[in-house]
Amino acid sequence: MVIKPLSHDDFPTFYSWARKEGWTISFQEQRLFQNQWQPCFFTLWERGCCCGFISVVIYKTSGWIGNLLIHPEKRRKGYGSTLFDFALEQLEKNQLGRIWLTASAQGAGIYRQRGFVQVEQIIRWTGVGSGQRNKPSPSGSAATVEQLVQLDLDCWKESRRPLLRLLADDGIIFKEGGSMVLLQPGPEFWQAGPWLTPLSAPQETRRLLTAIIETTPVAVPLIMDIVESSSLDLLLRQHGFRIAGQNELMCKSQEPLDDLTAVTALASLGSIG
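Converting from the sequence shown to my numbering requires adding 3 to each position, the first position being numbered 1.
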């Protein structure tokens, strides 16, 4: 078996497999991994055949493992463990304080065996836009992007400026009081995240939810990976959202974990934070 970085020719295979699994991958994530972050994506080959994929993203003091996908005929034969252990080794040799991932109920046991613990439950909520507002200009001012970067730093205790600046390139940032959310347009659906709420502020949360629904074009799906402890269930249901899935947010940490109560929604759909 050989593990090597993906080539551009490998991406169609990955997306074909992912679609068959029912995965939802945002336009922004696809763009990142096919450009600036292509060296962060790996594939496992054996005897000239592609057997699996995984992504490994490194921030300043933490890393994320995602997109672990094995060909159906190769499952339960050690290929997934080989790829995962490779990813873990890449991150641990960088002496990162925390390693994150999101796990299905079926996969969580494997990660617990390697020292990961559940930190939160992530709920996938889907709704549709109403298109009642004209679409603002992408990103807003550079100062607004930096405000989002700083708030994200306060919530996650490290700077993720490269990720957020790339996501904000064609995104729309909304701010209400001390809360902020980034709305990410896409050709098939729009995504809201990161959504950061440092203090309990129900009115700010309600206004931000209204803003992202009204800005998303009419009938276009709007997707969010919401941290369960943010307790938005009732508000989201009132606005027509439904649960489309859930995963465990897990972490392997060399230090005490910070409180994530200020994080309402992830910046990605689970694979990069």
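Cβ atoms here follow ideal geometry from the backbone N, Cα and C, with glycine treated the same way.
Query: Residues that DSSP places opposite TRP128 in a beta bridge; Result: MET227 and ILE246
Query: Contact test: ILE215 Cβ vs the ligand SAM heavy atom, cutoff 6 Å; Result: Ligands in the displayed structure: none, and consequently the ligand SAM is not present.
Query: Those residues which DSSP pairs with GLU258 across a bridge; Result: Beta-bridge pairing links GLU258 to no other residue.
Query: Same chain, Cβ closer than 7 Å to ASP155, five either side skipped, listed in chain order; Result: ARG163, LEU167, PRO197 and LEU199
Query: For GLU32, three-class secondary structure by DSSP; Result: helix
Query: Length of the line joining the Cα atoms of THR208 and PRO224; Result: 20 Å
Query: Enclosing alpha helix (DSSP H) for PRO205 [first to last residue]; Result: 205-218
Query: Cβ-Cβ separation, ASP228 to LEU272 (assumed contact under 8 Å), whole Å; Result: 6 Å
Query: Proximity test, Cβ basis, 7 Å: GLN116 and chain B; Result: The structure shown contains no chain B, having only a single protein chain.
Query: Residue environment, TYR18, which counts as buried when at least 16 other CB atoms sit within 10 Å; Result: exposed
Query: Nearest to CYS53 (by Cα), restricted to the options SER65, HIS74 and PHE44; Result: HIS74
Query: As assigned by DSSP and simplified to three states, the class of SER234; Result: coil
Query: Reduced DSSP category for GLY174 - H, G, I as helix; E, B as strand; rest coil; Result: coil
Query: Three or more C-beta pairs below 8 Å linking the stretch 81-101 and the stretch 209-218; Result: no
Query: Any beta strand (DSSP E) of 3 or more consecutive residues that is wholly inside the stretch 56-95; Result: 65-73
Query: Extent of the continuous alpha helix (DSSP H) to which PHE14 belongs; Result: 14-23
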